[in-house]
Amino acid sequence: VGGEPVAARDDASADRPDAVADGAEAVAVRTAAPATAATSPAPSAASPAAEVPLAVRLRAIFATETPRLMGELRAALDGQAWSQAARISHNIKGSAFYVECHAIADRAGALETACDDLALDRIEPEWQALQAGVEAWDRENAQ
Amino acid sequence: MSAAATVRILVADDDLVSRLAMEDVLRAGPPAEITMAEDGPSAWEALKREGARFDLACLDVRMPPPDGLELTERIRHTPALKRLPVMLITSTADRNTVLSAAKLQLQGFLVKPVNVDSAARIASVLRQLDDTILEPADATRARLRLDAERHARYVVAFAQQVQALAGLAAEIDDGAASPTLRTQFATRADACRTAALTMGAARLEQVVGDALAAVQAEEPGAGAAMAQAVYWLRRVAAGRGLPLPD
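Protein sequence lines, in the order shown, are assigned to chains R and W.
First residue of the first sequence: 2, per our numbering; consecutive thereafter.
First residue of the second sequence: 20, per our numbering; consecutive thereafter.
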């Protein structure tokens, strides 16, 4: 193997691939999925999930996930685990954006900020505001 | 694009709604095999095990530690992973996050809620990245005044160089390499880097450089770096209708 660039060669040897590479075996490219993380090829258009509009699926997941997250959030607040509470608030905020519930997103964002800032006097009022927002969303979507 | 050109993307986000939305967004882009990780630790495990085979990592900034920023730092400090393209997912690209991320060589941010614009952004990033793995054929052919057939031969020759180096690097990483083999690797790696620059393969040149540095420092990582180079090159070549021999 010479030092000159492959494509810069303009003599006969440049037309022979073996002039620039020889003697070593190819490395197999493995495509196996990691075991611990969930690996999924993008669902095909025919999959059942794909038949349900994304917005509907997101709302369904939001409806089931938010009560669980609110429970975890309350436990984190009670345990004064402010960093964890901020992260869970952040998740609720992110999810709320997807279901276009900006009231919940704003209140979760305010609680996240209060936890990040360790503004202890603001945390409980922001929690109550968020809880009220989630309950209102539940009522609207139960109808 | 052929099946062989499927890109592999790691998505790490602890929020189920966000993961579902990201999967939907990625379905709108190039054919992709998506690995979903639901928190930082499982993302890191996937990266350690399969990192060299990912084409892009999309990491949520805020999730159970290690979060997206810390994961990116770990990636950049891990020889076998440090060239992995990363986009950070965030609800608010606030000033502190942007400043923290400034030194992490990111491909960009995806701001929640991700949507069709995010899909276009990811596709654009992947296209640009592919252009640094192998320059578009038209550009190389024009620059080097090659016909299509000759260009294809050059790509094959280049790929064989990369694969030969990968074989040597694996032997070296196995620990049984003689000084002669290391010297042989260094000589070939130098030639391959030059060839990579000629082929407009800037990112491959960097990865080969990483492998060379590892061998010269007698540290592990050359095999993983070269395996990544082989994977990237084969995928991009296949996507451009230049299937390479096994």
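Note that CB positions come from ideal geometry on N, CA and C, so glycine has one too.
Quick caveat, the model's predicted, so the values are computed rather than measured.
When beta bridges are read from the DSSP output, F128 of chain W appears opposite W:L107.
When rounded, the separation of the alpha-carbon atoms in Q129 of chain R and I93 of chain R is 14 Å.
Shortest Cα-Cα distance from H103 of chain R to any of R:L131, R:E66, R:P54 involves R:L131. Proximity to V44 of chain W across W:P132, W:E238, W:V234 peaks at W:P132, based on C-alpha coordinates.
CA-to-CA, the gap between T116 of chain W and L125 of chain W works out to about 12 Å. At a cut-off of 8 Å between beta carbons, H103 of chain R makes no contact with chain W.
Taken atom to atom, the span from the alpha-carbon of P104 of chain W to that of G127 of chain W is near 9 Å. At a cut-off of 8 Å between beta carbons, L103 of chain W makes no contact with chain R. A contact is defined here as three or more CB-CB pairs under 8 Å, and the stretch 195-203 of chain W fails this definition with respect to the stretch 133-142 of chain W. Judged by their CB atoms, L153 of chain W and G219 of chain W are nearer to each other than the 8 Å cut-off. Pairing S96 of chain R with L112 of chain R gives a Cβ-Cβ distance that is not under 8 Å. Taking the Cα positions, A137 of chain R is about 30 Å away from D58 of chain W. Following the DSSP letters along the chain, one finds E66 of chain R inside the alpha helix (DSSP H) bounded by residues 55-79. For R72 of chain W against T151 of chain W, the beta-carbon gap comes to about 18 Å, at or over 8 Å, which does not count as contact.
Exposed is the label assigned to Q147 of chain W, since fewer than 16 other Cβ atoms lie within 10 Å of its Cβ. Counting C-beta atoms within 10 angstroms of its own C-beta, E125 of chain R has fewer than 16 neighbours from the protein chains shown and is therefore classed as exposed.
Not a single CB atom of chain W sits nearer than 8 Å to the CB of E127 of chain R. Residues of chain R whose Cβ lies closer than 8 Å to the Cβ of L39 of chain W are, in chain order, L55, R58, L59, I62.
For D32 of chain W against M82 of chain W, the beta-carbon gap comes to about 6 Å, under 8 Å, which counts as contact. Contact of N92 of chain R with chain W by beta-carbon distance below 7 Å involves D33, D34. Cβ neighbours of V175 of chain W within its own chain (closer than 8 Å, five residues either side excluded): L261, L263, P264. Look at M55 of chain W here: in three-state DSSP terms it is strand. According to the DSSP assignment, R72 of chain W belongs to no beta strand (DSSP E), since it is labelled neither H nor E. Using a CB distance cut-off of 8 Å, S110 of chain W counts as an interface residue toward chain R. Interface residue (Cβ-Cβ distance to chain R less than 8 Å): R201 of chain W is not classified as such.
V117 of chain W sits in a helix when the DSSP states are folded into three classes. Taking the C-beta atoms as reference points, I28 of chain W is found nearer than 8 Å to L75 of chain W.
By the neighbour-count criterion, in which 16 or more other beta carbons inside 10 Å mark a residue as buried, L39 of chain W falls on the buried side. Secondary-structure assignment with DSSP links L29 of chain W through a beta bridge to W:T54, W:A76.
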